[in-house]
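Undergrad:
2 protein chains.
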Amino acid sequence: MTSVDAVQRLRAAGLRVTNQRVQVLTALDRLPHPDVDSIAGAVRDELGSVSTQAVYDVLRAFDEAGLVRRIEPAGHSARFEPRVGDNHHHLICRGCGRIEDVDCAQGEAPCLHPVDAAGFVVEVAEVNYWGLCPSCATADPR
Amino acid sequence: MTSVDAVQRLRAAGLRVTNQRVQVLTALDRLPHPDVDSIAGAVRDELGSVSTQAVYDVLRAFDEAGLVRRIEPAGHSARFEPRVGDNHHHLICRGCGRIEDVDCAQGEAPCLHPVDAAGFVVEVAEVNYWGLCPSCATADPR
DNA sequence: AGTGTTTTCTTGACTGATTCCAGATTAGCT
DNA sequence: AGCTAATCTGGAATCAGTCAAGAAAACACT
Numbered sequence: 001m002t003s004v005d006a007v008q009r010l011r012a013a014g015l016r017v018t019n020q021r022v023q024v025l026t027a028l029d030r031l032p033h034p035d036v037d038s039i040a041g042a043v044r045d046e047l048g049s050v051s052t053q054a055v056y057d058v059l060r061a062f063d064e065a066g067l068v069r070r071i072e073p074a075g076h077s078a079r080f081e082p083r084v085g086d087n088h089h090h091l092i093c094r095g096c097g098r099i100e101d102v103d104c105a106q107g108e109a110p111c112l113h114p115v116d117a118a119g120f121v122v123e124v125a126e127v128n129y130w131g132l133c134p135s136c137a138t139a140d141p142r
Numbered sequence: 143m144t145s146v147d148a149v150q151r152l153r154a155a156g157l158r159v160t161n162q163r164v165q166v167l168t169a170l171d172r173l174p175h176p177d178v179d180s181i182a183g184a185v186r187d188e189l190g191s192v193s194t195q196a197v198y199d200v201l202r203a204f205d206e207a208g209l210v211r212r213i214e215p216a217g218h219s220a221r222f223e224p225r226v227g228d229n230h231h232h233l234i235c236r237g238c239g240r241i242e243d244v245d246c247a248q249g250e251a252p253c254l255h256p257v258d259a260a261g262f263v264v265e266v267a268e269v270n271y272w273g274l275c276p277s278c279a280t281a282d283p284r
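Protein chains in written order, with the numbering used here: chain A, 1 to 142; chain S, 143 to 284.
(1) Which value, in whole angstroms, describes the spacing of the CA atoms of ARG163/S and LEU157/S?
(2) By how many angstroms is the C-alpha of ASN161/S removed from the C-alpha of ARG94/A?
(3) Just to check my reading of the structure: LEU28/A and ILE39/A have Cβ atoms closer than 8 Å, yes? What is that Cβ distance to the nearest angstrom?
(4) Identify, in the order they occur along the chain, each residue of the same chain with its Cβ nearer than 6 Å to the Cβ of ASP177/S, setting aside the five sequence neighbours on each side.
(5) Distance check for VAL185/S and PRO32/A, CA to CA, integer angstroms please.
(6) Applying the criterion that 16 or more other CB atoms from any shown protein chain within 10 Å of the CB defines a buried residue, is ALA6/A buried or exposed?
(7) Taking Cβ to Cβ, would you say PHE262/S is nearer than 7 Å to CYS133/A?
(8) What would DSSP say about LEU25/A, mapped onto helix, strand or coil?
(9) Are HIS88/A and CYS104/A touching if we call contact CB-CB under 7 Å?
(10) How is GLU64/A classed by DSSP in three states: helix, strand or coil?
(11) Can VAL58/A and VAL24/A be called in contact, C-beta distance under 7 Å?
(12) Of all the CB atoms in chain S, is at least one closer than 7 Å to the CB of ASN128/A?
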């Protein structure tokens with residue numbers, strides 16, 4: 001909760017510490033798989049205003065520094081999560097777009113290996129489980 | 143190659159048969175994981191012209207009818223493939239965007255099951271292997 | 001604390017993919 | 001041949017994300 005923690009993480013990642021960055025990082029800790037808009041909204045609640053650009057820039061910097069992971073489910077805009085480095089996977093609701101984390105069954109990345117990699121150097125296996133979340137499943141029977 | 147085949151597949155799927163649709167379908171058979179633009183280009187080569195709209199509409203109709211599968215790798219626009227119903231997976235080159243099919247190791251969809259589905263009704267598991275294709279791997283060593 | 005350099009933030013314009021809409025056209029049934 | 005619903009055209013609009021130039025702020029060094 002304290003932003004001291006966020007400041008330390010920023011420095012540890014070799015990034016400059018700005019109000020915007022601290023707020024983006026704490027928003028990421030607080031919100032579940034937010035998109036750019038939700039993050040911008042959360043930061044505006046704290047700071048009064050931020051340009052959307054700044055949020056994009058900050059998120060890119062975080063992504064490159066390995067502080068966050070960017071996920072882009074088909075048909076949705078980009079989401080971000082601070083959980084990083086454990087190559088976990090996602091459950092995605094095709095009804096409401098809700099996303100939940102799923103631990104990876106096997107060890108380290110790429111936790112899965114293709115049968116025939118066709119000469120590719122495979123770095124990570126991204127696994128998305130598509131289905132319906134509990135509330136969408138009961139709402140839309142089929 | 144013959145469009146007779148395409149016509150039959152369209153009818154079998156309960157779709158109206160139009161020149162545009164036949165050409166889109168044969169283009170899909172011919173091109174490897176094309177995007178909307180490549181498909182539109184291929185169709186224009188055959189018919190002289192098509193509106194981009196028509197291509198989008200046709201692809202949506204095909205997708206809904208289960209004739210094609212739509213794939214949307216993060217950071218790329220939508221690609222389409224006529225191989226359907228076998229829940230195979232993809233190798234994606236993060237250098238050039240090239241996509242290759244990979245057979246699924248296990249049986250039918252969802253070939254993988256999450257450890258803890260958090261109450262979700264899981265329908266399919268989408269697996270994307272990210273890495274470098276043979277030519278990008280040699281071009282960019284790291 | 002004061003200054004300078006570099007990075008970050010703001011503002012505003014812009015692109016590319018995709019969708020929406022209204023009207024013209026055409027496939028498939030009678 | 002004629003009807004009707006589905007499809008196609010053209011054009012405008014939307015949405016996510018990027019680009020670019022200048023203002024502001026962070027860090028490093030006195």
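Where is the CB? At the ideal position from N, CA and C, for every residue including glycine.
TA: Taking the structure as given:
(1) Those two C-alpha atoms are separated by around 9 Å.
(2) Going by the C-alpha atoms only, they are around 33 Å apart.
(3) Correct: roughly 7 Å between the Cβ atoms.
(4) Counting only Cβ-Cβ distances below 6 Å, and skipping sequence neighbours, we find SER219, ARG221.
(5) Near 43 Å, if we compare the C-alpha coordinates of VAL185/S and PRO32/A.
(6) Its Cβ being crowded by 16 or more others within 10 Å, ALA6/A is buried.
(7) A contact, by the Cβ cut-off of 7 Å.
(8) Helix, per DSSP.
(9) It is a contact, given that the beta carbons lie within the stated cut-off.
(10) Of the three classes helix, strand and coil, the one that applies to GLU64/A here is helix, per DSSP.
(11) Yes, the pair counts as a contact, with Cβ atoms nearer than the cut-off.
(12) Using a Cβ-Cβ cut-off of 7 Å, ASN128/A counts as an interface residue toward chain S, since at least one Cβ of chain S sits closer than that to its own.
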